[in-house]
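Visitor: Quick note: the sequence shown uses the numbering used here, first residue 2, plus one each step.
Ideal Cβ placement from N, Cα and C applies to all residues, glycine included.
Predicted model only: the values in this text are computed from it and were never measured.
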Amino acid sequence: MMSLKRLQAATRSRCRKAIPRPPSRLWSRQRRPAGAQSHGSRPSRRGRSRRGTEPEAGPEMEDARRWEELVEEVVAKDQSLARVLYPVTNRKTAVMLMEQLLSEDTLLMGEHYRRKQEQNYITQQAGDRSETKEEEEKVISPVCENSGSDVQEQETQHTPDKTESDVTEKKRLLMASIAGRLREVEAQREALQEEVRANGLQGGAVDALVRQGCLPREHERYTLFVGDLERVVSLLLCLSARLARVQNALSTVDQDTDAEEKESLDSRHALLCKQREDAKDLKDNLDRRERVVSAILSKHLTPEQLQDYRRFVQTKAAILIRQKDLEERQRLGEEQLECLSNSIPL
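Next comes the structure, spelled out in C-alpha cells:
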C-alpha cells in the first residue's frame, strides 16, 4: 500500500497539472482540413487513439476552452470587440449558404457532406473524452482544494484587480493565438494543394479514358461539362461569400445605424440574392448536362471507370468548397487581428 507521504505527493502533483496554463496556441474547434483524406468512410487515423476509434481529447479542446475564457474576459472590458471575437451562432459563411442552396445535390455536395460528417465525428468523440476527463478531475477536486489551499490563498493575496494592463496582456494572448491560427490555415492550404494535384491527375486519367472510348463529339461534351462545372461552383461560392458578408452586416444593424448605410445594405442584399438565383439556374442547366454526359459514359466505360469519373467530379467540387472555407477563415482571422491591434493603447 502506498505510504501517506507518497499519496500526498501524488495528489499535489495531480493538482498542479490541473492548474491551467496559457497554451502556446489557442485554437477554435475547426483544426484539420476536411480535405485531409479523400477516400474511405472511416475517420482519419490522426483523430483516433492507438487503442480504438476514439480520438484523444488532446490540447485542441483545452485550447478551445482557454480561447473562450480569454474572449469572455476581454469582451467584458471592451465591448467593441464582441462582434468580431465571439463565434456568433448566426454568423453566415459561404459554405453554410452553399449547403442551404444545394442541400439535395449529391453530385456537387456529396463528398463535402461525407467529409463534414467525418470531422463532426472526430470533434464529438474528442468532446466526449474531454467531458469524461472533467468528471474524473471532479472526483479528486476536494483533495486538491485542501492540499493546495495555501497556494490558492497566496495567489489570492497577490492577484491584483483586473487593470488595463491585464486586459492588454489578454489581448496579446488572443493575437498570438490568431497568428497561430493563420499559420495553420496556410498549412492547410498547402496540404490541400496536394489534393488538388491528385485530383488533376485523376481528371487527366478519366479524360484519357473518355477520349479513347468515346466519339470526338462525345469527348467534347465531356470536357465542356467539366470546365463549366468548375466555373459554376466557383461563381456560386463567390456570390454566397458576398451574400454572407452582407447578411452578417445586416445582423448588426440597430437603431443607431445610419439610414443610408442600412439602405445600401438592403439594396446589395436584394441584388446578390437575385444574382445567386440566376447562378442557380446555371447550375440546374449543368445538372441536365451531367445526366447526358453520364448516359454517354455509361455506354463506353466500365462500372469501375464510371465510379472514377464520379469521384473525380465530386472531389473537384469538394476542393473548391474547402478552398473558399479556408479563404474566409483567413479573412476573419486578419479582421480579428486588426481589431485587437487597434484596441491596444500605444
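Locate the alpha helix (DSSP H) running through S178, then write down its first and last residues.
Guide: 165-214
Visitor: Taking the alpha-carbon positions, what's the L347 to L174 distance?
Guide: 17 Å
Visitor: Can you tell me whether Q256 is helix, strand or coil according to DSSP?
Guide: coil
Visitor: Assuming L193 and I320 make a contact with CB atoms under 8 Å, what is their CB distance in whole Å?
Guide: Right, the Cβ-Cβ distance comes to about 7 Å (below 8 Å), so this counts as a contact.
Visitor: Along the alpha helix (DSSP H) that carries L327, what are the first and last residues, could you check?
Guide: 304-344
Visitor: Residues in its own chain within less than 7 Å of S42 by CB, not counting five upstream and five downstream?
Guide: Residue confidence is low: S42 scores 41 on pLDDT, short of 50, so the model does not pin down where it sits. No coordinate-derived value is stated.
Visitor: Taking Cβ to Cβ, would you say G326 is nearer than 8 Å to V96?
Guide: One detail in the question is off: residue 326 reads as Asp in this sequence, not Gly. Contact: yes.
Visitor: Assuming L98 is part of the alpha helix (DSSP H), what are its boundary residues?
Guide: 95-102
Visitor: Enumerate in chain order the residues of its own chain whose CB-to-CB distance from R190 is below 7 Å, with the five nearest sequence positions on each side excluded.
Guide: L327
Visitor: Would you check if the stretch 244-257 and the stretch 209-222 touch, i.e. whether three or more CB-CB distances between them fall below 8 Å?
Guide: no
Visitor: Can L240 and Q203 be called in contact, C-beta distance under 8 Å?
Guide: Contact: no.
Visitor: Measure from the alpha carbon of L238 to the alpha carbon of each residue in V75, W68, E100, then state which is nearest.
Guide: E100
Visitor: Are the Cβ atoms of S344 and L82 separated by less than 8 Å?
Guide: yes
Visitor: Can you tell me where the alpha helix (DSSP H) with L82 in it begins and where it stops?
Guide: Element bounds for L82: n/a, residue is neither H nor E.
Visitor: Helix or strand or just coil, what does DSSP make of R232?
Guide: helix
Visitor: What's the call for H159, buried or exposed, on a 16-neighbour Cβ count within 10 Å?
Guide: Only weak support is given to the placement of H159: the predicted model assigns it a pLDDT of 44, under 50, and the question is left unresolved by the model.
Visitor: Throw me the rounded Cβ distance for the L183 and V314 pair, which I believe falls under 8 Å.
Guide: That pair is no contact at about 32 Å.
Visitor: Please classify Y87 as buried or exposed, where buried requires at least 16 other C-beta atoms within 10 Å of its C-beta.
Guide: Y87 counts as exposed, since fewer than 16 other beta carbons sit within 10 angstroms of its beta carbon.
Visitor: Nearest to R92 by alpha carbon, out of R290, E305, R330?
Guide: R330
Visitor: Going straight from the alpha carbon of G205 to that of I179, what length do you get?
Guide: 39 Å
Visitor: Nearest to H78 by alpha carbon, out of S295, A271, D167, A296?
Guide: Going by the sequence as given, residue 78 is Lys instead of His. Checked all of S295, A271, D167, A296; the closest Cα to K78 is D167.
Visitor: Identify whether L225 lies in helix, strand or coil by the three-state DSSP scheme.
Guide: helix
Visitor: Just mark C245 as buried or exposed, buried being the case when its beta carbon has 16 or more other beta carbons within 10 Å.
Guide: It should be pointed out that residue 245 corresponds to Ala in this sequence rather than to Cys. A245 is buried by the Cβ-count criterion.
Visitor: Is R92 helix, strand or coil when you go by DSSP?
Guide: Look at R92 here: in three-state DSSP terms it is coil, with no helix or strand label.
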